[in-house]
Each structure stands twice: as C-alpha cells, then as structure tokens.
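Going by the numbering used here, 62 is the number at position 62 of the sequence shown; the sequence numbering is gapless.
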Amino acid sequence: MGVSQHATATEIKAAYRTRAKELHPDRNQAQDASAQFRLLNKAYEVLSDPTSRASYDTIVLETANDPVTGAHHSKPESIVCSSCGKLSAQPRYAIFFAVKSFLLLTRRSPVQGIFCSACAEKKAYRASAVTWLLGWWGFPWGPIYSAHAIITNMLGGKRPADVNARLAAYQAWYFVAVGKMNLAQAVAMDAAELARLVPSNSAGAELGGTLDQLLRATGASTNRLKNSWRLLSRPFYVQAGSIAVIALGIWLGYENTPASQPPRGPKTYVGNLSATPPTSDLKRRTYVRPATAPNGNPWPTVAGYLPGFPRLNTDGNSTIAVDNGQNDSDVFVKLVSLSSANAYPVRQFFIPAGRSFRLESLRQGTYDIRYQDLSSGSLSRSAELSVTETRTYQGIRYTDLRLTLYKVRNGNMQMYTLSADEF
Ligand SMILES: [Zn+2]
C-alpha cells in the first residue's frame with residue numbers, strides 16, 4: 001500500500017482509496033490488476049483492524065531484523081518507542097481510541113503503535129482530551145463510545161497480549177545479543193508473564209516454544225522489571241469518577257422526571273418575608289365570609305377591580321381572561337407579578353359566581369393568579385403564567401390567556417393550595 005510502518009489509521013485509509021482507484025479492474029486493464037486488487041483489499045482488511053494491525057506490525061519487525069538469526073543485519077536492533085525513539089525495557093504495543101461525534105455521526109479512530117510508557121501516557125491523554133471535548137455529542141453511540149474510550153485509554157490502552165509477549169521476547173533477545181544478561185533475564189520474565197494471558201491455541205504454543213528457548217538462554221530469575229504500565233492512576237480516577245457522575249446524572253434524570261413540572265412554591269410578598277407564619281390555630285378557625293372587601297366597602301355585585309387598590313403593569317397590550325363561570329361561589333382574585341425579586345399584586349378584583357373578568361393592558365412578565373373562594377374561604381393559586389410580547393412581521397403579537405377557575409381543582413390549569421400569608 002506504500003504507507004510507512006507508523007502510518008495513522010487516516011493515512012492508511014487514504015492510501016487504500018488511492019491504490020484501489022488505480023487497481024480497480026474496471027479501470028485497470030493490466031493482466032494482474034484484479035489479483036493485485038484482491039491483495040490490496042486483503043492488506044486493508046488487516047491494517048484497518050487495530051488488533052490485526054498490531055500483529056502485522058510485530059511480524060514485520062520480527063522478520064525485518066531477527067536477532068536470533070541475525071538476518072538482514074549484522075547487529076540486532078532494539079525495539080524503540082515509535083513516538084520518542086528511545087529504547088525501553090518495556091515497550092508495549094498499545095491502541096488508544098479518540099472519539100468524535102456530530103449529531104447522529106460518531107467516529108472512533110485508533111491511535112496505535114509501539115510506545116514507551118511515558119509516550120503512551122501522552123497519547124492516552126491526547127486521545128481522551130479529544131474524546132472529552134468532541135466524543136459525547138452523537139446519538140446514540142457518542143456517550144457509549146466516549147465512556148469506553150476514556151476508560152480504555154486510562155487503563156493504558158488496548159494491549160494485545162500475544163503481540164506484547166512477542167515484543168518482550170524480541171527485546172529480551174536483543175539484550176542477550178548485546179550482552180546485557182541481567183536485563184535480558186528480567187525482560188524474558190516479563191515476556192513469560194505476558195504470555196500467560198495468551199490463549200493456548202497454535203499461536204500461543206508457538207510463542208511458548210520461543211519463550212522456552214529464550215528462558216533457557218537467559219536462565220529464570222526473580223529479578224522483575226518494575227511495571228511502568230500500571231493504570232494511569234490519579235487521572236484515571238478523576239475521569240472514571242466524572243463518567244460515573246454523568247451516568248448517575250442521566251440515570252437520576254430518567255428516574256425523577258415527573259409527568260409534569262412540579263410547581264414552584266408561591267413567591268412571597270415583600271411585606272410578608274418576616275411576617276409570623278400562620279398558626280395552626282388560625283387555620284382551624286371556622287371560616288366566615290368577610291362582610292366587606294379588604295377596602296372596607298361591601299363586595300361588589302358585578303365583576304371588576306376593587307376600588308382603592310393600585311392598578312399596576314398597565315403599559316402592555318396582553319390580556320388574561322379569568323373565567324369563574326364554572327363556579328358557584330364568588331371569588332376575590334389577585335394577579336401577582338413574579339418578575340422582580342419579590343412578588344407583588346398588580347391587580348385585585350372580584351368575580352361573582354358564574355361570571356368572568358378580563359384583565360387588559362398587561363405588561364409582559366411572569367405572573368400568577370391567587371384567589372379566595374369567598375363561600376368556603378379556600379385559597380388557591382395558579383402555576384406561573386408567562387405573558388410575552390413577540391415582534392413579528394405583522395407587528396407585535398401579544399399574549400391572550402384564558403384561565404378557568406373550577407371549584408374542584410381541575411380546571412384548564414393546575415391549581416395549588418395557598419396559605420393565608422401568601423394570599
Ligand atoms: Zn516514547
């Protein structure tokens with residue numbers, strides 16, 4: 001395919017596309033074009049899968065300069081980190097994943113090669129940083145791939161055991177060849193340990209044979225290399241913790257999402273902030289319909305504003321119609337503005353049983369309706385009402401709300417009970 005041994009997954013894909021265009025039997029009339037095309041596809045199949053590419057990379061390395069036979073080179077070459085080029089006693093083939101998502105598209109790309117543990121750490125951080133930033137935003141695979149990639153990266157990447165056992169064996173032979181027997185011994189033990197993770201199939205058996213040969217040459221030892229490939233501990237826990245918190249948040253979100261939004265408590269009035277709460281005594285007292293309205297005048301006989309109270313927020317064009325048509329009691333109603341830090345009544349009005357009343361010229365903002373059933377004395381409030389003015393091509397569109405008060409609390413709007421000091 002004409003790519004270097006350190007080519008990235010993207011470079012391999014690009015090279016494959018170029019070669020495939022050249023060799024495609026429809027375009028290329030050469031005798032062996034279709035055979036070559038099949039070979040190319042086979043090669044791409046191996047190289048596009050991270051794990052089979054790892055095996056391939058190792059075979060290439062082993063056959064290119066075999067330290068046992070000394071083929072191709074008079075002096076054996078050590079395995080060096082593909083990133084920094086330094087010799088390491090514990091080189092490992094590692095595969096990290098970076099995930100990028102955009103809406104319905106999630107792409108996971110491998111970052112792989114033979115690394116020293118220090119470079120592996122850097123590669124892991126980079127792949128994880130990309131994933132943290134760009135991985136989550138795809139549905140449904142974004143979060144799933146991202147969580148998996150971050151955990152895998154922080155555990156030191158995917159490290160195929162057979163490939164790494166072969167790398168370690170190779171490196172041990174190198175140390176034998178250059179006469180560093182102590183190091184060779186320790187690395188051989190490392191290889192033997194890695195080989196224990198390899199399933200005992202034919203490849204595993206072959207690997208076992210090589211290792212036996214190696215351990216006979218070096219002799220077994222209790223000298224062990226300090227494992228520099230432990231999971232990247234502290235950052236691992238931070239990131240794993242973050243993923244756990246996100247997962248918990250999503251789970252709680254699903255668990256606790258109510259059928260409808262819960263009502264916020266009524267917003268208190270300025271004057272009531274330090275007022276004594278209603279005593280239970282007050283609540284138990286039998287209700288007697290007040291003989292007069294709060295302004296001292298008798299209750300009116302028609303729907304309307306109660307004289308003596310200020311009429312506020314009158315510089316808008318929105319309306320709220322309050323319908324008491326379904327009710328057999330008169331009601332005393334307050335429209336309460338919730339737009340500022342403290343609530344305050346902007347309209348106070350009376351609606352006889354069976355009638356309705358329209359509030360006009362309302363300024364935009366949030367409000368609620370609080371009312372007293374004058375027959376029973378029960379107090380209720382509505383949910384928050386949003387009054388908006390929207391500019392359109394035709395001009396300004398105003399809000400026209402209609403709110404029906406029912407005796408039972410199931411009008412066209414959910415109503416909530418209210419305590420006396422909130423009314
Ligand atoms: Zn390195």
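Every residue, glycine too, gets a C-beta built ideally from N, C-alpha and C.
{"Query": "Going by the CB atoms, is the gap between Pro143 and Trp136 shorter than 8 Å?", "Result": "yes"}
{"Query": "Using CA coordinates, which residue listed in Thr417, Tyr398, Arg391 is at the minimum distance from Gly377?", "Result": "Thr417"}
{"Query": "Comparing the CB of Ala124 with every heavy atom of ligand 1, is any distance shorter than 7 Å?", "Result": "no"}
{"Query": "In whole angstroms, give me the CA-to-CA distance for Ser200 and Gln31.", "Result": "43 Å"}
{"Query": "Consult DSSP for Ala9 and reduce its assignment to one of helix, strand or coil.", "Result": "helix"}
{"Query": "Please report how far the alpha carbon of Phe114 lies from the alpha carbon of Tyr93, in whole angstroms.", "Result": "The amino acid at residue 114 is misidentified as Phe; the sequence shows Ile. Taking the straight line joining both Cα atoms gives about 4 Å."}
{"Query": "I want to check one thing, is the minimum distance from the CB of Lys86 to the heavy atoms of ligand 1 below 7 Å?", "Result": "yes"}
{"Query": "In or out: Tyr393 buried (at least 16 other Cβ within 10 Å) or exposed?", "Result": "exposed"}
{"Query": "Between the alpha carbons of Ala7 and Tyr170, how many angstroms are there, rounded?", "Result": "22 Å"}
{"Query": "Pick helix, strand or coil for Gln36, following the three-state DSSP scheme.", "Result": "helix"}
{"Query": "Can you give the Cα-Cα distance for Leu282 and Asp421, rounded to whole angstroms?", "Result": "Residue placement at Leu282 is flagged as unreliable, the pLDDT there being 47, under the threshold of 50; the coordinate-derived value follows with that caveat. Taking the straight line joining both Cα atoms gives about 11 Å."}
{"Query": "Closer than 8 Å by C-beta to Leu40: which residues in its own chain qualify, once you throw out the five before and the five after it? Chain order, please.", "Result": "Met1, Tyr16, Arg19, Ala20, Leu23"}
{"Query": "Please classify Ala343: does DSSP put it in a helix, a strand, or coil?", "Result": "strand"}
{"Query": "Could you check which residue in Ala303, Lys100, Asp373 has the C-alpha nearest to that of Phe423?", "Result": "Asp373"}
{"Query": "Can you tell me whether Ala30 is helix, strand or coil according to DSSP?", "Result": "coil"}
{"Query": "Measure how close the beta-carbons of Ile320 and Leu359 come, nearest whole angstrom, since I'm counting them as under 8 Å.", "Result": "5 Å"}
{"Query": "According to DSSP, simplified to helix, strand and coil, what is Met154?", "Result": "helix"}
{"Query": "Since Thr399 is in the beta strand (DSSP E), which residue starts that stretch and which ends it?", "Result": "Thr399 -> no beta strand (DSSP E), and no H or E assigned at all."}
{"Query": "Ligand 1 heavy atoms versus the CB of Phe102: any closer than 7 Å?", "Result": "no"}
{"Query": "Identify every residue that forms a DSSP beta bridge with Ser55.", "Result": "DSSP lists no partner for Ser55."}
{"Query": "What's the gap between the Cα of Ala217 and the Cα of Arg224?", "Result": "17 Å"}
{"Query": "Could you tell me the distance, in whole angstroms, from the CA atom of Leu273 to the CA atom of Val387?", "Result": "Note that Leu273 has pLDDT 45, beneath the 50 cutoff, so the model's placement of it is unreliable and the number below is only indicative. Roughly 26 Å between the two C-alpha positions."}
{"Query": "So is Ala188 buried or exposed if we call it buried at 16+ other beta carbons inside 10 Å?", "Result": "buried"}
{"Query": "Within the present structure, is the beta-carbon of Ala7 separated from the nearest heavy atom of ligand 1 by less than 7 Å?", "Result": "no"}
{"Query": "Which value, in whole angstroms, describes the spacing of the CA atoms of Lys334 and Asp328?", "Result": "19 Å"}
{"Query": "Near Leu105, which residues of its chain fall below 7 Å by C-beta distance, leaving aside the five closest residues on each side in sequence?", "Result": "Gly138"}
{"Query": "Pro91 to Gly156, Cα distance in whole Å?", "Result": "12 Å"}
{"Query": "Any chance the CB of Phe424 is under 7 Å from a heavy atom of ligand 1?", "Result": "Summary: the structure shown does not reach residue 424, with the chain confined to residues 1 through 423, and so no result is reported for it."}
{"Query": "Looking at the structure shown, is Glu22 part of a helix, part of a strand, or coil, going by DSSP?", "Result": "helix"}
{"Query": "Gln112 and Pro50: beta carbons closer than 8 Å?", "Result": "yes"}
{"Query": "Could you check where the alpha helix (DSSP H) with Met189 kicks off and where it finishes?", "Result": "181-195"}
{"Query": "Nearest-angstrom Cα distance between Ala127 and Val245?", "Result": "21 Å"}
{"Query": "Would you mind working out which of Asp315, Ala341, Met154 sits nearest Arg363, comparing C-alpha positions?", "Result": "Asp315"}
{"Query": "Quick one: is the Cβ of Ser34 within less than 7 Å of any heavy atom of ligand 1?", "Result": "no"}
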